[in-house]
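K.L.:
Number of protein chains: 2
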Amino acid sequence: MQKYARVTASLITDLLRRRSRQSSRLLSSTHILDHPSSSSSSSLMSSSSTHPLSVATINDKVLKCEYAVRGEIVTLAQKLQEELSAKPGLHPFDEILYCNIGNPQSLGQQPITFFREVLALCDHPAILDRSETQGLFSTDAIARAWQILDQIPGRATGAYSHSQGIKGLRDTIAAGIEERDGYPADPNDIFLTDGASPAVHMMMQLLIRSEGDGILCPIPQYPLYSASIALHGGTLVPYYLDEATGWGLETSELKKQLEAAKSKGINVRALVVINPGNPTGQVLAEDNQRQIVEFCKQEGLVLLADEVYQENIYVPDKKFHSFKKISRSMGYGNEDIALVSFQSVSKGYYGECGKRGGYMEVTGFSPEIREQIYKVASVNLCSNISGQILASLVMNPPKVGDESFESYSAEKDGILSSLARRAKALEDALNSLEGVKCNKAEGAMYLFPRIYLPAKAIKAAEAVNTSPDTFYCRRLLNATGIVVVPGSGFGQVPGTWHFRCTILPQEDKIPAIVSRLTEFHKQFMEEFRD
Amino acid sequence: MQKYARVTASLITDLLRRRSRQSSRLLSSTHILDHPSSSSSSSLMSSSSTHPLSVATINDKVLKCEYAVRGEIVTLAQKLQEELSAKPGLHPFDEILYCNIGNPQSLGQQPITFFREVLALCDHPAILDRSETQGLFSTDAIARAWQILDQIPGRATGAYSHSQGIKGLRDTIAAGIEERDGYPADPNDIFLTDGASPAVHMMMQLLIRSEGDGILCPIPQYPLYSASIALHGGTLVPYYLDEATGWGLETSELKKQLEAAKSKGINVRALVVINPGNPTGQVLAEDNQRQIVEFCKQEGLVLLADEVYQENIYVPDKKFHSFKKISRSMGYGNEDIALVSFQSVSKGYYGECGKRGGYMEVTGFSPEIREQIYKVASVNLCSNISGQILASLVMNPPKVGDESFESYSAEKDGILSSLARRAKALEDALNSLEGVKCNKAEGAMYLFPRIYLPAKAIKAAEAVNTSPDTFYCRRLLNATGIVVVPGSGFGQVPGTWHFRCTILPQEDKIPAIVSRLTEFHKQFMEEFRD
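Those sequence lines, one after another, are chains A and B. According to my numbering, the first sequence is numbered sequentially starting from 1. According to my numbering, the second sequence is numbered sequentially starting from 1001.
(1) Helix, strand or coil for Phe137/A? Go by DSSP, reduced to three states.
(2) Rounded to whole angstroms, what's the CA-CA distance from Ala457/A to Phe528/A? Just pull it up for me.
(3) Taking Cys382/A as the reference, which of Ile112/A, Glu66/A and Ala199/A has the closest Cα?
(4) Pull up the DSSP beta-bridge partners for Asn1431/B, would you.
(5) For chain A, check one thing: does any of its Cβ atoms lie closer than 9 Å to the Cβ of Cys1353/B?
(6) In terms of alpha-carbon separation, which member of Val483/A, Asp129/A and Leu453/A lies closest to Leu517/A?
(7) Distance, Cα to Cα, Lys1355/B vs Lys347/A?
(8) Can you pull the chain B residues whose beta carbon is under 7 Å from the beta carbon of Phe365/A, in chain order?
(9) For a cutoff of 9 Å on Cβ pairs, would you count Phe1342/B as touching chain A?
(10) Step through the CB atoms of chain B and report whether any lies within less than 9 Å of the CB of Ala126/A.
(11) In angstroms with no decimal places, state the Cα-to-Cα distance between Val1400/B and Ala145/A.
(12) According to DSSP, is His201/A part of a helix, a strand, or is it coil?
(13) Closer than 8 Å is the cut-off here; do at least three beta carbon pairs connect the stretch 1335 to 1353 of chain B with the stretch 1103 to 1119 of chain B?
(14) Ends of the alpha helix (DSSP H) at Ala338/A?
(15) My understanding is that Glu307/A touches Thr113/A, with C-beta atoms under 8 Å, so please give their C-beta distance in whole angstroms.
(16) Pick out the complete beta strand (DSSP E) segments inside the stretch 142 to 209 of chain A, 3 residues or longer, and give them in chain order.
(17) By how many angstroms is the C-alpha of Ser488/A removed from the C-alpha of Val464/A?
(18) Given that a residue counts as buried once 16 or more other Cβ atoms are within 10 Å of its Cβ, and exposed if not, what is Ala244/A?
(19) Would a check of beta-carbon distances place Leu1107/B closer than 9 Å to chain A?
(20) Between Gln1310/B, Ala1377/B and Ser1432/B, which lies nearest to Ser197/A when the distance is taken from Cα to Cα?
(21) Is the CB of Phe1191/B under 9 Å away from at least one CB in chain A?
(22) Quick check: the Cα distance between Tyr1350/B and Val1394/B, rounded to an integer number of angstroms?
(23) Output, in sequence order along the chain, the residues in the stretch 1371 to 1384 of chain B whose CB is closer than 8 Å to any CB in chain A.
(24) Which runs of the beta strand (DSSP E), 3 residues or longer, sit entirely within the stretch 235 to 280 of chain A?
(25) What residue range is occupied by the uninterrupted alpha helix (DSSP H) comprising Met1525/B?
(26) So Glu117/A contacts chain B; which residues on that side make the cut at Cβ distance below 8 Å?
(27) Apart from the five residues just before and just after Ala455/A, which ones in its own chain have a Cβ nearer than 6 Å to its Cβ?
(28) With a cut-off of 9 Å, does the C-beta of Ile208/A fall near any C-beta of chain B?
(29) Do three or more CB pairs link the stretch 1290 to 1308 of chain B to the stretch 1250 to 1267 of chain B at distances below 8 Å?
(30) For the stretch 303 to 314 of chain A, list every residue whose C-beta sits within 8 Å of some C-beta in chain B, in sequence order.
(31) Buried or exposed: Leu90/A, going by 16 or more other Cβ atoms within 10 Å of its Cβ?
(32) May I ask you to verify whether the stretch 365 to 375 of chain A touches the stretch 1168 to 1177 of chain B, counting CB pairs closer than 8 Å and requiring at least 3?
(33) Rounded to the nearest angstrom, what separates Glu442/A and Ala305/A at their Cα positions?
(34) Ala1534/B to Ile1510/B, Cα distance in whole Å?
(35) Interface residues of chain B around Ala455/A at Cβ under 9 Å?
(36) For Gly1158/B and Asp140/A, what's the separation of their Cα atoms in angstroms?
Okay, structure coming up:
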């Protein structure tokens, strides 16, 4: 198996395209233009009207950026959906099943009642004192809303907050982190953000100066990372997860790729780890995490820990441990390791994607650099207050004894146990197919099966100028209405093909998905049998 | 008067600092790193532990970026506020009066009831069917919430939406634009964003390839623009507003600066116009807008129209006209001019800064470029749904006959007429001071008075290594608790000094502000009289 082989063909092609396009222009001009020389008269306006922009003249970092989760297959799905609404009988399926994106509530998952009660009350605090409100909302939701309002200066939920987020909410989040980890957390280390994505961009913006700066990223990876590195003009230094050992992360591979990058003059600045994994679903063992921390410490790398799936664990023998907890348990403090942990309200059992809440906990950076991060956060003023409130709620949900505790727990457990069942059902179904091998989803929201495609299918894909995995996914969509994302959007060992499928469709849909997928796959393999 | 003189001293100093720092490193490396050569063994881990980051090694575009609205004076204000809480008698004032930022609800402005009712109901739709809800919420708010929920696929307010925002809400916004302008608007041209700032960043990211790309910006300007251009590595090409003619925008100045930039090899790509003006408060005349449109058309510039203060007009002889309306009224369509209009829920009479809602209307771009904008929007998935809903509400508020119409109108008119009175009171107070001249705030939320500082004050500022306007603002804050932003944060004609003061403190605070400011100013002028 070509474990340490090159990044996917599509990435290489992209690379070649890019190189030939690279501008070598050198400019002596200044950033803020000096005033016109005194001799410059107010010259005549040119009379030719030119349309300002073409694809050839926009920022090519934008052109290079790719984001498969909402890419070509999803665009095709939207087209099919429109066709289905216009002509219901047109396709051999009656609905589109979106398994492309971790967006639980779009597939019918209901929000956690307590969280929504508090959000509604904070949106319209005028009703807090009204008697009807007692009948409509739980007592602890009302109490929590008051508590939150008292943490907001002037109770102004419509005001820009502190650039890092409302201090009282950061206190709550820090307390939640302390409770989770058993180690202190400082509210001044928390930066509340509109979901985790802007936080990742902020760190990439800080770390990347040029193509000479590299970021170690897992392959396969969540394409936010490759997109953000491309947009900021850096270099993605891939390290490969080992599919054969359940998407294992080996430090020998990290070292090898780091040295290789260094030998090419790349200044590797940070290591991205996604735990639980996306798209791969593995949960790292504690011991493995210690090795990773040690590696970052030794090599002077910032550890960017994507921990947004920390609540999504489906197997009894695995537990989530934050990298901060691990590093503190090794005796490492702020002086030893620079660590950023990303969290989001979009994932977990709550799945509140549309609220765009999240935070990063930034530790081990100097005060001067913290000031720079603060400044960048300030330029965007603050993240949305509902998202901030929700981030505080998920880190401090109802406790035993609270009126909502029982219903809250039932909702939470119902969602998580159902997700575990769905993960298992889909995994089993995939593994029963000819030429498909699928690792367990220990956590997160995805399965990333490997598909061993017949040579004839690969040729057919080449004939229509597409990658074999995209070819497979497009055929699947056209035949069944099931939307999955080709593995090439995440990166994969060249010559191997995968797709990412979420475990999010509601349980009553799973049997239909399994049977449609099975039937399609059989026909596909028949059609292209060598 | 040095109208066409150089950008401010502080910007020039910054420029020099920057130049000496510019790295000239050339890299032949690739963006996505190639695999290690087959001979590379898994080399030994280096044993030295190095802390990864220092200010000298982060992205210097981040270092260069400045954002005065939350800069040094605000940091000092926060410190004073903490001291006041700890020791109430410590300073000669008992509260900090934040006049630094357009954040109305932080100063006691109440949200519009109808908007908050709808938001609360959309956050917790489970109560829509309950009888108590009829008593708590207005009938039209309930109806509107149902209508909005029906526009959201699966009524899932917790799901990621379409990357441009929920289609039904974009329909509503487009209809609102049509009603405002009398010209068609296409929902597919709308990109909903978390406030206007991310939209501005998105366009700068698209337009700026290198320092060779310039963006024409007014001076004085809202520092989001200079910050965004710095972060994306472009060149700010300044054009000066004419203080003597009420911050007039002359196309002769635009042409002059454009030619000067061209002669230095700068590729000027876009023109930023802020109307109503920030920090300057002027409202452009229709005729002037037509000249600007013609200029952009002729020169092939993208017109970036910051129209976030479109509802904030305080003088009877001025009206807001969108640049889209103006260009369409001149017979110019998509083929003639590329135009982006930014709108936000943070401003207007609603002032919902914390909700982070807004949109840009993008017209006159090719489908290929639109696709690139869509892709960048997709990387961040979508803007927050509450902000999206609110953006649809401000573009489609209650109408005559709706239950809420009367109370809504009373709230709206109350806020706008009060803002007009506050603007006038502060303007008059400022103009009554020795050595202060202040143009009228025709619109927006700010006054930008010029202060003629005595030479002795300027020397005193130099002695403590700060700009004279910052010196003045710091003294004002320390003496009175009033927070304003030095003009150098916005840019000003060199040798002139200003500050930006919002008109947002509640009316009962205005007399105290006026008397404290007047007293301080007299003492300051006495102290530094030449």
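Every residue gets a Cβ at the ideal spot worked out from N, C-alpha and C, and that includes glycine.
P.N.:
Taking the geometry as given:
(1) coil
(2) 5 Å
(3) Ala199/A
(4) Paired residues: none, contrary to the question.
(5) yes
(6) Val483/A
(7) 21 Å
(8) Leu1053
(9) no
(10) yes
(11) 34 Å
(12) helix
(13) yes
(14) Run containing Ala338/A: none; DSSP gives neither H nor E here.
(15) With 8 Å as the limit, Glu307/A and Thr113/A do not qualify as a contact, their Cβ atoms being about 26 Å apart.
(16) 190 to 193
(17) 16 Å
(18) exposed
(19) yes
(20) Ala1377/B
(21) no
(22) 8 Å
(23) Gln1372, Lys1375, Val1376, Ser1378, Val1379, Asn1380, Leu1381, Cys1382, Ser1383 and Asn1384
(24) 235 to 240 and 267 to 274
(25) Ile1510 to Phe1528
(26) His1124
(27) Asp530
(28) yes
(29) yes
(30) none
(31) exposed
(32) no
(33) 18 Å
(34) Chain B is shown from 1001 up to 1530; residue 1534/B falls before or after that span and cannot be answered.
(35) Residues of chain B passing the Cβ test: none, with the nearest at roughly 24 Å.
(36) 22 Å
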